[in-house]
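Here's the structure, in structure tokens; my notes come after.
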Ligand code: EPZ
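Residue numbers (my numbering): 297 to 730.
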């Protein structure tokens, strides 16, 4: 079993190049299904979630060509509606974007219920509400989602989302792009990756306005033509390196970013006494070595991103004083705290609130990556801890961070991927009672 092995104590120093945004890429790849031509997509992050989606598209008949490590061409002209590989779809949450894309392209879709990180219940009722409003019949049965537009093509509608949802906003945009008529999405999510999806579709001939605000208008078009597009930098990957630089009292220039997307993260880090200098497409982070406490509440964009909560919590576990972290998006996103406690953190969790007592002197330990961002938090903890930390289940981390170990090593981290022989299953031996 492959694990990360980290010998902590090195301050991160140097420069890191941020890759394309995972949460934009996992919507743009399904969107390419709707394009009647060749899509050339640059700055594609090389991570397992995008690999998985590209494999699914190939199974559906799309021609996927790797131009270089981060540039692909997708030709979906020969895609015919058929059952997608359900075993793959089940593994990632973003497979649900295939519903919006296939409904838009074929007027019919069949996918599995989505997988993805487990933070408690993650319903898709708002997605279904949107598809119903656009004229699709949806049935959820035996772990599958069946969707069909009885008239063969969806029609425009006005949809008010009961909950600000990134996925539902993106999925409704996908389904509405080739529908007949206008769709208005109100109470829409405003994340940068939503704007990126809209910009990708518009560059292929769609007519989407207002992405990035809470009201998005989609005028359905007849077809999408081919073209090329470059994915925005990953806000959360950038934030992860920013927090790692601050936590290790290092000095890192985080390059290929859009500083505006990082404003909330930069502001929160400054509260802890970290210096953050913004340039045109990079930010310089200087750790003070004397972290101050700060309170955090995660909110939809432009608020503090929930996907940065575990990383920030790890930093606050070491800050001077007590910090309160409130998880505003999910019911149960503090599972990483149990792992952090193994390394010496003092944290009390009560539902969506965690109280970090601070001043922890973390010590290395064998820990688990509970999910993608929890795993990144464990890496940050390992980088700061004295001694050696081993992190299991690194496949979660590999889903969302391109070349994580390589980039960290280039910054001076003592981290490596080590393949350990699988521990023998420990079976309770039958104990004969004499
Ligand atoms: C996306 O998930 C991201 N994943 C998540 O990132 C991110 O945490 C989340 O947005 C919030 O920013 C991808 O983009 C692949 P939501 P998504 O719909 O779309 C509830 C990562 O680490 N909700 O905005 O599933 C939901 O339960 C991952 O990169 C409903 O109630 O998130 C949650 O409490 C983890 N009904 C809240 O809304 C619905 O129909 C926000 O969820 C949909 C969502």
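Quick reminder that beta carbons are idealized off the backbone N, C-alpha and C, glycines included. Bear in mind that the values here come from a model prediction, so they are computed numbers and not experimental data.
Query	Result
Environment of residue 372 [buried if 16+ CB atoms lie within 10 Å]	buried
Where residue 730 falls: helix, strand or coil (DSSP)	Bear in mind that a pLDDT of 43 at residue 730, under 50, signals an unreliable position, so the model cannot answer this.
Bounding residues of the beta strand (DSSP E) (the contiguous stretch that carries residue 364)	359-364
Classification of residue 730 by the beta-carbon crowding that lies within 10 angstroms, buried from 16 upward	Residue confidence for residue 730 is low, a pLDDT of 43 falling below 50, so the modelled location carries little weight and cannot support an answer.
Residue ranges of each alpha helix (DSSP H) within the segment 322-374, 4 or longer	344-355
Whether residue 441 touches residue 406 by CB criterion (9 angstroms)	yes
In DSSP terms, what residue 649 is bridged to	622 and 646
Residues that DSSP places opposite residue 658 in a beta bridge	Its beta-bridge partners do not exist; DSSP assigns none.
First through last residue of the alpha helix (DSSP H) which encompasses residue 637	632-638
Validate contact between the segment 585-605 and the segment 633-645 using beta carbons, cut 8 angstroms, 3 pairs	no
Residue 698 Cβ short of 8 angstroms to the ligand EPZ heavy atom set	no
Any non-hydrogen atom of the ligand EPZ closer than 8 angstroms to residue 463 Cβ	yes
Residue 446 to residue 378 span [Cα, whole Å]	18 angstroms
Contacts around residue 385, its chain only, beta-carbon distance under 6 angstroms, and the 5 residues preceding and following it disregarded	391, 407 and 408
Near the ligand EPZ: residue 422 beta-carbon under 8 angstroms from a heavy atom	yes
Cβ shell of residue 530 (< 7 angstroms), same chain only, five flanking positions each side left out	314, 315, 316, 317, 318 and 341
Any non-hydrogen atom of the ligand EPZ closer than 8 angstroms to residue 482 Cβ	no
Span of the alpha helix (DSSP H) around residue 499	488-499
Inter-residue spacing [alpha-carbon to alpha-carbon] between residue 482 and residue 514	12 angstroms
Per-residue DSSP class, three states only, for residue 507	strand
Minimum length 4: unbroken alpha helix (DSSP H) runs contained in the segment 679-726	691-694 and 700-706
Alpha carbon of residue 717 to alpha carbon of residue 297, nearest angstrom	6 angstroms
Close Cβ partners of residue 488 (< 8 angstroms) along its chain, the five nearest in sequence each way excluded	317, 320, 508, 528, 531, 554, 557 and 597
Proximity test, residue 459 beta-carbon vs the ligand EPZ heavy atom, cut-off 8 angstroms	yes
Cβ neighbour criterion (16 or more within 10 Å) applied to residue 362	exposed
Which of helix, strand or coil DSSP assigns to residue 310	strand
Member of 544, 670 and 591 whose CA lies at the smallest distance from the CA of residue 561	591
Any non-hydrogen atom of the ligand EPZ closer than 8 angstroms to residue 529 Cβ	no
Terminal residues of the beta strand (DSSP E) in which residue 433 lies	433-437
Classification of residue 712 by the beta-carbon crowding that lies within 10 angstroms, buried from 16 upward	exposed
Within 9 angstroms, strictly: CB atoms of residue 632 and residue 610	yes
Run of the beta strand (DSSP E) containing residue 408, from where it starts to where it stops	404-408
CA-to-CA distance, residue 364 to residue 338, given in whole angstroms	9 angstroms
Cα-Cα separation, residue 432 to residue 495	25 angstroms
Nearest candidate by alpha-carbon position, reference residue 325, set 356, 720, 637 and 306	356
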